[in-house]
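Asks: Our numbering puts the first residue of the sequence shown at 2, with every later residue one more than the last. A virtual CB, placed ideally from N, CA and C, is assigned to each residue, including glycine. Note that the structure is predicted; figures quoted are calculated from it, not measured.
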Amino acid sequence: MSGIGERADVLLRVEPEVRRYVDRALTRRLQRRAARMLRAVGLYDVELSVLLAGDDTVSSLNEDYRGKRGTTDVLSFGQADSDELAQWHQPARRSQPMLERVLGDIVISLPVVKKRTRGAARRAQFSVRAAMARLAAA
């Protein structure tokens with residue numbers, strides 16, 4: 002990552018239920034790629050949360066927030082409106098802590114990703130990219 006004023010923090014968590022699909026190399030790769038994508042679209046000093054989850058979690062969130070039963074491969078929950086996003090295309094001033102610049106959350110169902118593709122890592126990276134595009138276009 003670059004210095005102060007050009008950071009993109011990606012917080013990545015893995016549910017115990019799906020740890021068997023994930024190794025340290027995958028989590029580091031996902032974090033680096035997500036941070037690089039944020040910088041590539043000009044979003045600076047933002048925080049993004051990614052959860053690699055099981056079907057139960059994703060199914061519950063899908064029903065609670067989208068009113069749809071069953072699981073899906075990826076969900077995104079934006080926490081910024083379009084005015085905030087426009088301001089975030091510039092590095093934060095020192096008086097504006099990054100905690101105030103939370104882009105949102107991405108939740109990926111690794112079991113669904115694994116079923117749909119041979120390479121869970123490749124599909125997870127694609128899912129992060131697709132969800133980030135939705136968040137950045139809020």
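1. Output the boundary residues of the alpha helix (DSSP H) element that contains R21.
2. Using a 10 Å radius around the Cβ and a threshold of 16 neighbouring Cβ atoms, would you call S83 buried or exposed?
3. May I have the straight-line CA-CA distance separating V47 from D74, to the nearest angstrom?
4. With which residues is V103 paired in a DSSP beta bridge?
5. What are the start and end residues of the beta strand (DSSP E) that includes V114?
6. Roughly how many angstroms separate the alpha carbons of V42 and A9, rounded to a whole number?
7. Since V42 is in the beta strand (DSSP E), which residue starts that stretch and which ends it?
8. Can you tell me whether L62 is buried or exposed? The criterion is at least 16 other CB atoms within 10 Å of its CB, across all chains shown.
9. Mapping DSSP to helix, strand and coil, what is D10?
Replies: Quick answer:
1. No alpha helix (DSSP H) holds R21; DSSP gives it neither H nor E.
2. By the 16-neighbour rule on beta-carbons within 10 angstroms, S83 is exposed.
3. Taking the straight line joining both Cα atoms gives about 24 Å.
4. Paired residues: E48.
5. Element bounds for V114: not the beta strand (DSSP E) but the alpha helix (DSSP H), L111 to R117.
6. Whole-angstrom Cα-Cα distance: 11 Å.
7. The continuous stretches of beta strand (DSSP E) do not include V42, and DSSP gives it neither H nor E.
8. That one is buried.
9. DSSP, read as helix, strand or coil, puts D10 in strand.
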